[in-house]
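To start, the structure under review is shown below, and the notes come after it.
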Amino acid sequence: MRRRTFSKILVPAIALALMATPAMAAKKKPVKIGLLYALSGLAAVYTKGTVIGHQIAAEEINAAGGVLGGRKIKFVTRDNKLKPGIAVKEFRRLVTRDKVDFVMGVISSGIALAVSQVAKEMKVLFVDTIAQTAALTGEQGHNYVIRTNTNSTVIGRTAALAASRQDWKKYYFIGPDYEWGHRVNADFWDFLRVKKQGVEKLGDLWPKLGERDYSAHITAMLNAKPDAVFSSLWGGDLIAFIKQASAYGFFDKIQYISTGGGDLDILKPLGKEMPDGVMATYLYAFDTSPVKQAENKKFIAEFKKRAGYIPKSGDIIGYVSTYMLAEAMNKAGSADSDAIVKAMRGSKFATILGDIEVRKIDGQATFAYHAGFTYTHPKYPFKRLKDVTRAEGLEVLRTDAEVEKARMEYKKKGS
Amino acid sequence: MVDFFTNVFFVQLVNGLFIAAGIYLVASGLSLVFGVLGILNFAHGSFYMYGAFFVFTYVGFTAGDFWPALFIAPMVVVILGVVMEVVFLRPIYKADPLYQLLLTYAMVLIFGDLVKILYGAENLSVARPEGFEGTVTIAGSLFPSYQIFVLLPAGFLTVLGLYLFLNRTNVGRTVRAATQDREMIGALGVNVRLLYTGVFAIGAFLGGLGGAVLAPMGALYPGMDFDVIIEVFLVVVLGGLGSMAGTALGALIYGELKSFGILWVPELESVFIYVLMAVVLVARPQGLLGKKVEGGH
Chain A
0 MRRRTFSKIL
10 VPAIALALMA
20 TPAMAAKKKP
30 VKIGLLYALS
40 GLAAVYTKGT
50 VIGHQIAAEE
60 INAAGGVLGG
70 RKIKFVTRDN
80 KLKPGIAVKE
90 FRRLVTRDKV
100 DFVMGVISSG
110 IALAVSQVAK
120 EMKVLFVDTI
130 AQTAALTGEQ
140 GHNYVIRTNT
150 NSTVIGRTAA
160 LAASRQDWKK
170 YYFIGPDYEW
180 GHRVNADFWD
190 FLRVKKQGVE
200 KLGDLWPKLG
210 ERDYSAHITA
220 MLNAKPDAVF
230 SSLWGGDLIA
240 FIKQASAYGF
250 FDKIQYISTG
260 GGDLDILKPL
270 GKEMPDGVMA
280 TYLYAFDTSP
290 VKQAENKKFI
300 AEFKKRAGYI
310 PKSGDIIGYV
320 STYMLAEAMN
330 KAGSADSDAI
340 VKAMRGSKFA
350 TILGDIEVRK
360 IDGQATFAYH
370 AGFTYTHPKY
380 PFKRLKDVTR
390 AEGLEVLRTD
400 AEVEKARMEY
410 KKKGS
Chain B
0 MVDFFTNVFF
10 VQLVNGLFIA
20 AGIYLVASGL
30 SLVFGVLGIL
40 NFAHGSFYMY
50 GAFFVFTYVG
60 FTAGDFWPAL
70 FIAPMVVVIL
80 GVVMEVVFLR
90 PIYKADPLYQ
100 LLLTYAMVLI
110 FGDLVKILYG
120 AENLSVARPE
130 GFEGTVTIAG
140 SLFPSYQIFV
150 LLPAGFLTVL
160 GLYLFLNRTN
170 VGRTVRAATQ
180 DREMIGALGV
190 NVRLLYTGVF
200 AIGAFLGGLG
210 GAVLAPMGAL
220 YPGMDFDVII
230 EVFLVVVLGG
240 LGSMAGTALG
250 ALIYGELKSF
260 GILWVPELES
270 VFIYVLMAVV
280 LVARPQGLLG
290 KKVEGGH
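Sequence order for the protein chains is A and B.
Residues in the first sequence are numbered consecutively from 0, following numbering that gives the first Met the number 0.
Residues in the second sequence are numbered consecutively from 0, following numbering that gives the first Met the number 0.
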């Protein structure tokens with residue numbers, strides 16, 4: 000009997016409560032952000048840390064009261080299996096079924112370009128965090144794409160800027176034989192010729208991705224006797240090249256310039272096998288590059304606790320870009336794509352990695368990029384970098400005029 | 000001109016030998032297994048990968064002791080190979096070759112995921128053994144001492160060892176007989192099951208040895224199995240599937256073509272070998288030294 004009266008009171012009370020909450024709930028509804036990464040397969044090694052970076056930032060923001068006056072950030076994470084087709088499908092599902100406000104991701108330039116087209120069509124913001132093809136925000140750019148990372152142009156040009164300050168004249172080139180390699184090598188060479196007179200190109204080598212034996216490449220370059228070799232090899236290819244080349248005494252004779260060689264995914268496995276004095280580029284070095292040291296230390300400690308290793312470039316980008324988007328939402332007063340885009344483009348952000356802006360013309364962030372020389376550190380079992388050239392984004396990104404020109408040419412080619 | 004010959008020609012020639020020795024070490028096992036068992040083992044690349052990763056483990060455990068790993072790592076791979084043969088391949092020898100291909104491909108995926116679970120997906124590196132980090136001077140040119148003193152002898156000894164085994168021992172003669180007529184040797188009282196397992200074990204050992212010897216020269220990563228298997232198929236098909244001499248010849252041609260291709264037309268370095276393979280397949284479908292396949296469909 001008693002129970003029944005209890006429920007008689009309780010049920011209407013709950014019903015009333017439910018009817019009363021929608022107005023309140025709308026205010027406290029979380030902001031849903033889709034995270035679209037390749038979480039299985041080989042790329043997972045890069046993206047898992049990025050996702051942890053996102054999560055640490057979101058937890059800090061939520062603990063401090065969330066965004067937009069008390070709304071929490073909530074991630075919906077999807078695996079694109081490193082396939083453009085799946086990425087496109089997952090993007091649509093994130094928007095239509097999961098009702099995310101916007102999407103952040105992805106690794107691989109091909110996937111970024113594919114997803115970006117869907118973002119344009121659905122008018123939903125796509126924030127590219129890892130993929131770095133300049134075409135994404137350049138030639139194929141549109142209103143609904145923003146990149147919170149450097150791009151391929153910055154990488155080649157920063158190396159060129161640093162190289163132009165040395166007296167190296169004769170260059171040889173090596174790069175993986177697909178769009179990335181050809182593009183970065185061209186970016187380096189075009190910019191170097193602008194910055195320095197009298198440089199000479201002796202030749203190009205294009206080993207296939209996953210090349211096992213570089214003996215012939217190495218001796219071909221040694222024979223040509225260049226002052227410097229510019230290389231856009233990366234990952235396992237770069238490691239294999241460095242190991243084999245040092246067995247030929249390559250690094251005693253030729254200055255090697257390596258894009259991405261300053262990041263931990265190269266320096267750590269190579270350890271002492273990485274020669275001293277290699278010019279190597281990177282976005283983030285845990286010990287030297289960040290502008291805000293205290294925040295950086297806090298992030299490193301938290302990240303190490305969760306991931307078990309020192310954060311790499313892609314890891315801190317997850318963290319930094321989540322903060323950038325939170326700031327943009329607060330500024331826009333909304334989680335709506337159009338409002339965020341408007342609030343973000345042309346705005347400045349103070350990040351751990353330095354003061355940057357998201358450019359109006361292409362939505363490209365102006366993070367600084369670095370080129371240093373490897374040396375043996377007394378404390379770490381892997382090489383660190385010194386005599387670093389820090390190039391601010393605006394120094395090395397394509398200018399507005401260059402972007403417009405590239406877009407015109409791209410349109411002409413397409414029609 | 001003299002300078003050209005000593006410095007350029009000689010150096011690229013020796014480099015071609017390095018490439019050939021490396022790929023022969025891996026390819027010989029695949030070719031042997033195909034010759035006897037009639038199975039094109041996709042998972043042979045996995046044996047190569049495990050050989051390399053086991054070296055990494057051994058060197059890590061012993062804090063830098065490299066040499067025993069050259070034997071121990073391939074032996075552990077042999078265990079994997081024997082298990083694979085007994086459990087998965089035995090029931091399927093009589094099946095359509097397509098199913099065999101599918102099965103070995105499935106094994107590639109299983110082995111690949113297993114490596115990720117065991118070692119993670121990051122690049123790993125095995126340092127060259129002490130005393131073999133530097134260069135040696137031969138005829139005025141510099142060469143990596145590891146390639147000269149370890150890789151080349153390993154390749155050469157494998158060629159020699161396989162030749163002596165197949166031609167000068169009774170077991171070897173039986174193995175060669177099996178490549179000619181499998182039913183007949185069964186009828187003659189040879190334990191074919193055991194023979195198959197044995198040959199598969201040798202194949203696995205050679206794959207593992209290839210991975211072990213090459214480990215200090217490159218990066219170790221899941222996916223290195225796929226990267227090597229294409230090269231291996233190329234070499235084996237070029238030389239003639241199942242022919243050991245053909246595999247050695249295919250490896251030599253592959254290595255030298257690649258080495259000199261880079262020198263002359265660097266933009267087309269990998270095109271030459273595919274063009275050659277296409278020509279060979281049209282003119283001599285069985286490969287350079289392969290036997291003609293009788294009958295057919």
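Each residue gets a CB set at the ideal place from its N, CA and C atoms; glycine is no exception.
Enumerate in chain order the residues of its own chain whose CB-to-CB distance from residue i is below 7 Å, with the five nearest sequence positions on each side excluded.
i                     : result
residue 184 (chain B) : 173, 176, 177, 191
residue 396 (chain A) : 152, 153, 363, 365
residue 80 (chain A)  : 37, 39, 40
residue 201 (chain A) : 169, 170, 171, 223, 225
residue 264 (chain A) : 311
Cα separation between residue i and residue j?
i                     : j                     : result
residue 194 (chain B) : residue 266 (chain A) : 47 Å
residue 224 (chain A) : residue 171 (chain A) : 9 Å
residue 62 (chain A)  : residue 108 (chain A) : 34 Å
residue 89 (chain B)  : residue 81 (chain B)  : 11 Å
residue 210 (chain B) : residue 42 (chain A)  : 23 Å
residue 445 (chain A) : residue 351 (chain A) : With chain A covering only 0 through 414, there is no way to say anything about residue 445 (chain A).
residue 228 (chain B) : residue 159 (chain B) : 23 Å
residue 132 (chain B) : residue 242 (chain A) : 9 Å
residue 314 (chain A) : residue 37 (chain A)  : 14 Å
residue 410 (chain A) : residue 401 (chain A) : 14 Å
residue 284 (chain A) : residue 255 (chain A) : 20 Å
residue 230 (chain A) : residue 124 (chain B) : 20 Å
residue 343 (chain A) : residue 323 (chain A) : 9 Å
residue 54 (chain B)  : residue 67 (chain B)  : 9 Å
residue 308 (chain A) : residue 176 (chain A) : 32 Å
residue 257 (chain A) : residue 279 (chain A) : 5 Å
residue 164 (chain B) : residue 16 (chain B)  : 23 Å
residue 192 (chain A) : residue 296 (chain A) : 39 Å
residue 33 (chain A)  : residue 69 (chain A)  : 19 Å
residue 221 (chain A) : residue 305 (chain A) : 45 Å
residue 347 (chain A) : residue 142 (chain A) : 18 Å
residue 247 (chain B) : residue 49 (chain B)  : 23 Å
residue 106 (chain B) : residue 29 (chain B)  : 15 Å
Are the Cβ atoms of residue i and residue j separated by less than 9 Å?
i                     : j                     : result
residue 190 (chain A) : residue 227 (chain A) : no
residue 345 (chain B) : residue 25 (chain B)  : Past the boundaries of the shown model lies residue 345 (chain B); chain B is included only from 0 to 296, so the question cannot be answered.
residue 145 (chain B) : residue 215 (chain B) : yes
residue 208 (chain A) : residue 238 (chain A) : no
residue 317 (chain A) : residue 50 (chain A)  : yes
residue 205 (chain B) : residue 27 (chain B)  : yes
residue 132 (chain A) : residue 390 (chain A) : no
residue 232 (chain A) : residue 174 (chain A) : yes
So, at 8 Å on beta carbons, what are the nonlocal neighbours of residue i in its own chain, with the 5 sequence-adjacent residues on each side left out?
i                     : result
residue 7 (chain B)   : 262
residue 267 (chain B) : 260
Among the options, which residue has its Cα nearest to the Cα of residue i?
i                     : options                    : result
residue 277 (chain A) : A:375, A:35, A:93          : A:375
residue 11 (chain B)  : B:279, B:275, B:253        : B:253
residue 125 (chain A) : A:104, A:59, A:53          : A:104
residue 248 (chain A) : A:32, A:113, A:261, A:217  : A:217
residue 282 (chain A) : A:407, A:118, A:387, A:46  : A:387
residue 370 (chain B) : B:62, B:234, B:168, B:264  : With chain B running from 0 to 296 in the structure shown, residue 370 (chain B) is simply not present.
residue 301 (chain A) : A:58, A:165, A:275         : A:58
residue 135 (chain A) : A:272, A:179, A:44, A:45   : A:179
residue 185 (chain A) : A:214, A:205, A:167, A:166 : A:205
residue 369 (chain A) : A:319, A:244, A:162        : A:162
To which residues of the same chain is residue i closer than 6 Å at the C-beta, ignoring the five residues directly before and after it?
i                     : result
residue 230 (chain B) : 22
residue 203 (chain A) : 172
residue 22 (chain A)  : Per-residue confidence for residue 22 (chain A) stands at a pLDDT of 46, beneath the threshold of 50, marking its modelled position as unreliable; the derived number appears in the next sentence. Cβ neighbours of residue 22 (chain A) beyond the five flanking positions: none.
residue 290 (chain A) : 353
residue 182 (chain A) : 151
Between residue i and the ligand PLP, is there a pair consisting of the residue's CB and a ligand heavy atom that are separated by less than 8 Å?
i                     : result
residue 215 (chain A) : This structure does not include the ligand PLP; it has no bound ligands of any sort.
Problem set entry | Near-chain A residues of the segment 137-158 of chain B - C-beta to any C-beta below 9 Å | 140, 141, 142, 143, 144, 145, 146
Problem set entry | Chain-ordered residues of the segment 22-53 of chain A with a beta carbon less than 7 Å from chain B | 41, 43, 44
For this session: Determine which residues of the segment 120-133 of chain B have a Cβ less than 8 Å from any Cβ of chain A, and write them out in chain order.
Result: 120, 121, 122, 123, 124, 126, 127, 132, 133
For this session: Anything in the segment 205-219 of chain B with a Cβ closer than 9 Å to a Cβ of chain A? List those residues in chain order, please.
Result: 213, 215, 216, 217, 218, 219
Problem set entry | Interface positions of the segment 238-272 of chain B facing chain A (Cβ-Cβ less than 9 Å), listed along the chain | 254, 257, 258, 259, 260, 261, 262, 265, 266, 268, 269
For this session: Closer than 9 Å, Cβ to Cβ, to anything on chain B: give me those residues from the segment 265-282 of chain A, in chain order.
Result: 265, 267, 268, 269, 270, 271, 272
Exercise. Residues in the segment 199-228 of chain A with C-beta within 7 Å of chain B's C-beta atoms, listed in sequence order?
Worked result: 202, 203, 204, 205, 207, 209, 211, 212, 214, 215, 216, 218, 219, 222
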